Amino acid sequence: MDRPHFRFHPGAYETVFEQEEGVCSCCGQNRSLKYEGPFYSQQSPDYLCPWCIASGQACETYDGELVGYTDIEGVSPDPADPEPAIARELLLEIALRTPGYRAWQQPVWLTHCNEPCVFLGHADRQAVEPFLAEVLPDIEGIYKKDAQWMLERMSTDGMISGCLFRCVRCGEHRLHMDVG
Numbered sequence: 149m150d151r152p153h154f155r156f157h158p159g160a161y162e163t164v165f166e167q168e169e170g171v172c173s174c175c176g177q178n179r180s181l182k183y184e185g186p187f188y189s190q191q192s193p194d195y196l197c198p199w200c201i202a203s204g205q206a207c208e209t210y211d212g213e214l215v216g217y218t219d220i221e222g223v224s225p226d227p228a229d230p231e232p233a234i235a236r237e238l239l240l241e242i243a244l245r246t247p248g249y250r251a252w253q254q255p256v257w258l259t260h261c262n263e264p265c266v267f268l269g270h271a272d273r274q275a276v277e278p279f280l281a282e283v284l285p286d287i288e289g290i291y292k293k294d295a296q297w298m299l300e301r302m303s304t305d306g307m308i309s310g311c312l313f314r315c316v317r318c319g320e321h322r323l324h325m326d327v328g
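According to this note's numbering, the residues represented by the sequence shown are 149 to 328, in order.
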């Protein structure tokens, strides 16, 4: 059986799935890929397979989210705020059918051109160097005085990690800084 493809997290099999034999808590099938990323639910399933994640069955069965709906950039937790500019079906695809990513803090899913971006993975200074001009506004927007200091200490697995995204429409890169 072919693995499902996650268009907004194409590297999910390298970042949040582990090679582990088991029975999926959701579909009851014997599987060899276990989801190890974030899952927000009052229940804690032992084993979720990529097929149940891709179909949305995992989130439906456990009334959960893989990415917090209001953790998607542009979505406010305040019901009095205006509706997001991003199509609801895209927001639900991120929250309910796209594997999240590991982070020290609450992960934020970045957007651009009124669509969710593709998560490319964790990045260090060297990885963002080719498009530093594109991601610098993201860093300076939060760490204006310390942007260079943050960049110098950014690593893929340290206390300061860059979470790299790319716009699906224009290809521009975005960066969320995750600080432990």
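We treat Cβ as the ideally placed atom computed from N, Cα and C, and that holds for glycine. Fair warning: this is a prediction, and the values are worked out from it, not measured in the lab.
query	result
Evaluate the contact criterion for the region 185 to 199 versus the region 228 to 238: three or more CB pairs, one atom per stretch, below 8 Å.	no
Among all the DSSP beta bridges, which residues are the ones paired with aspartate 326?	Ser309
Can you list, in chain order, the residues of its chain with a C-beta nearer than 7 Å to that of cysteine 207? Leave out the 5 residues immediately preceding and following it.	Glu213, Leu214, Leu244
Between the C-alpha atoms of proline 193 and leucine 323, what's the straight-line distance to the nearest angstrom?	31 Å
For isoleucine 220, which residues does DSSP report across the bridge?	Trp257
Look at the alpha carbon of tyrosine 183 and the alpha carbon of valine 316, and state the distance between them as a whole number of angstroms.	25 Å
Name the one or two DSSP bridge partners that glutamate 166 has.	Lys182
Going by Cα to Cα distance, which pick from Met307, Asp326, Glu263 is closest to glycine 222?	Glu263
Determine the direct distance from the alpha carbon of tyrosine 217 to that of lysine 292, and round the result to whole angstroms.	27 Å
Alpha carbon to alpha carbon, what distance is there between aspartate 219 and glycine 319?	22 Å
Between the Cα of tyrosine 249 and those of Asp150, Cys174, Phe165, spot the shortest distance and give me the residue it belongs to.	Phe165
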